[in-house]
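Shown next, in C-alpha cells, is the structure this report addresses.
2 protein chains.
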Amino acid sequence: MDMTSPPAAAADCLGVSEVLGRIGDKWTVQVVVALHDRPRRFNDLKREIAGISQQMLTRTLKLLERDGMLERTVHPSAPPQVEYALSSLGRSLSQPLMQLAEWAIAHRDAVHESRVRYDASQLRAR
Amino acid sequence: MDMTSPPAAAADCLGVSEVLGRIGDKWTVQVVVALHDRPRRFNDLKREIAGISQQMLTRTLKLLERDGMLERTVHPSAPPQVEYALSSLGRSLSQPLMQLAEWAIAHRDAVHESRVRYDASQLRAR
DNA sequence: CGGGATCCAGTAGGATACTG
DNA sequence: CAGTATCCTACTGGATCCCG
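Those sequence lines, one after another, are chains A and B. First residue of the first sequence: 2, per this note's numbering; consecutive thereafter. First residue of the second sequence: 2, per this note's numbering; consecutive thereafter.
Pasting the structure below:
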C-alpha cells in the first residue's frame with residue numbers, strides 16, 4: 002500500500018484512516034494515556050485500565066511495541082518484572098491525540114443531542 | 002490550545018477512545034475528507050472513494066448524519082437527488098484530524114521500519 | 001439515482017485455564 | 001508476576017438482489 006511520495010496532508014487521507022484504524026481499537030489509546038505520565042508494569046496497567054483482560058492487554062502492548070510506540074524492559078528477577086514505557090514516538094503521538102481529546106470534550110454534548118434527535122425522528126417516521 | 006492544566010484532557014481519555022472507536026472504522030474519515038471541499042451526491046461519493054460498497058457508504062453516511070456531522074438534503078425530482086454536506090460540527094472535526102494526518106505522514110516510515118525490525122526479531126526468536 | 005433487505009465471511013474482543 | 005493457549009461470541013464489512 003506504499004503510495005508514491007506524499008503530496009499534502011489532505012491528499013494523504015488514506016494514511017489518516019490507516020492510523021485511525023490502527024489506534025482506533027478499544028484499548029490502544031487507553032494504554033498510551035495510562036503510560037503518559039510514567040512507565041508501568043503489566044499488572045499495574047491491568048489495574049489502571051478498568052475492564053481490560055490480560056489477553057487484550059498483552060495483545061495491545063505487543064502491537065504498540067511492534068510499532069515502536071513503547072519500550073519493553075525486562076528486569077531479570079523472581080518474580081519477573083517487566084516495565085513498559087512510551088518511546089519518544091509514542092509520546093509524539095499523544096500530542097495530536099490530546100487535540101482530539103479536546104475536540105471530544107468540546108463537542109460531546111452536541112453529538113449526543115444530535116443522536117437523541119435523530120433517533121427520535123427515526124421512531125416517528127416508522 | 003491550553004494544556005497547562007493536564008487533568009482536563011488526560012482524565013477524559015475514555016472520551017478519546019470513544020471518539021476514536023467511532024471514527025476509527027474503515028470509511029468514516031475518508032467520507033469526511035471527501036466532503037471537505039464541497040458537498041457531494043451519493044454516487045459521486047461512491048466514485049470518489051475507491052473500494053466502498055453502497056452498503057457501507059449508506060451506513061457511514063447515516064451514522065455521520067446521526068452524529069450531526071453532516072446534513073442530508075433531498076431535492077425532490079426524477080431521478081432523485083440527495084446531497085451530503087459537512088455540518089460545522091463535521092468541519093470542526095477535520096481540524097484535529099489534520100493534526101493526526103501530519104503525525105501519520107511524519108512518522109509513517111519510523112513505524113514501518115519498527116514493524117520490519119520487530120517481525121524479523123520474532124522470526125529469529127522461534 | 002439512492003438507497004433497503006439479506007446473507008455471509010472474517011476478525012475484534014471476552015472468559016478462562018494453564019505456565020515459566 | 002507476566003504472560004500463553006483455547007474457545008467462543010458479536011460485530012464489522014462485503015456481495016447481491018430488490019424497490020421507489
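Don't be surprised by glycine CBs; every beta carbon is placed ideally from N, CA and C. Being a predicted model, the structure only gives us computed values, none of them experimental.
Asked	Found
Of the listed residues B:D120, B:G22, B:Q55, B:A102, nearest to A:S69 (C-alpha basis)	One point to set straight first is that residue 69 of chain A is Gly, not Ser, in the sequence displayed. Minimum Cα distance to A:G69 is reached at B:D120.
Supposed contact pair A:G25 and B:L71 - C-beta distance, whole angstroms, cut 8 Å	At roughly 19 Å, the Cβ-Cβ gap does not stay under 8 Å, so B:L71 and A:G25 are not in contact.
The segment 74-90 of chain B in contact with the segment 28-42 of chain B per 3-pair CB rule at 8 Å	yes
Classification of B:L101 by the beta-carbon crowding that lies within 10 angstroms, buried from 16 upward	buried
Cβ-Cβ separation, A:K47 to A:L58 (assumed contact under 8 Å), whole Å	6 Å
Burial state of B:E114, where buried means 16 or more other Cβ atoms lie within 10 Å	exposed
Runs of beta strand (DSSP E) wholly within the segment 29-93 of chain A (minimum 3 residues, chain order)	71-76, 82-87
Proximity test, Cβ basis, 8 Å: A:D110 and chain B	no
Sequence-distant residues of its chain with Cβ nearer than 6 Å to B:E49 (five each side left out)	A35
Cβ-Cβ distance between B:L90 and A:A105 below 8 Å	no
Which listed residue (B:P81, B:G16, B:Q31, B:S78) has its alpha carbon closest to that of B:A51	B:Q31
CB contact check: B:E72 to chain A, cutoff 8 Å	no
Test: B:I106 CB closer than 8 Å to a CB of chain A	yes
Selection of the segment 89-106 of chain A by Cβ proximity to chain B, strictly under 8 Å	L90, S93, L94, Q96, P97, L98, M99, Q100, L101, A102, E103, W104, A105, I106
A:S18 versus A:E103 - alpha carbon distance	20 Å
Contact under 8 Å by Cβ, B:W1 with B:T61	Past the edges of chain B, shown from 2 to 127, lies residue 1 of chain B, and the structure says nothing about it.
Chain A within 8 Å of B:S54, Cβ atoms only	no
B:E66 at chain A interface by Cβ criterion, 8 Å	yes
Cβ shell of A:F43 (< 6 Å), same chain only, five flanking positions each side left out	V83
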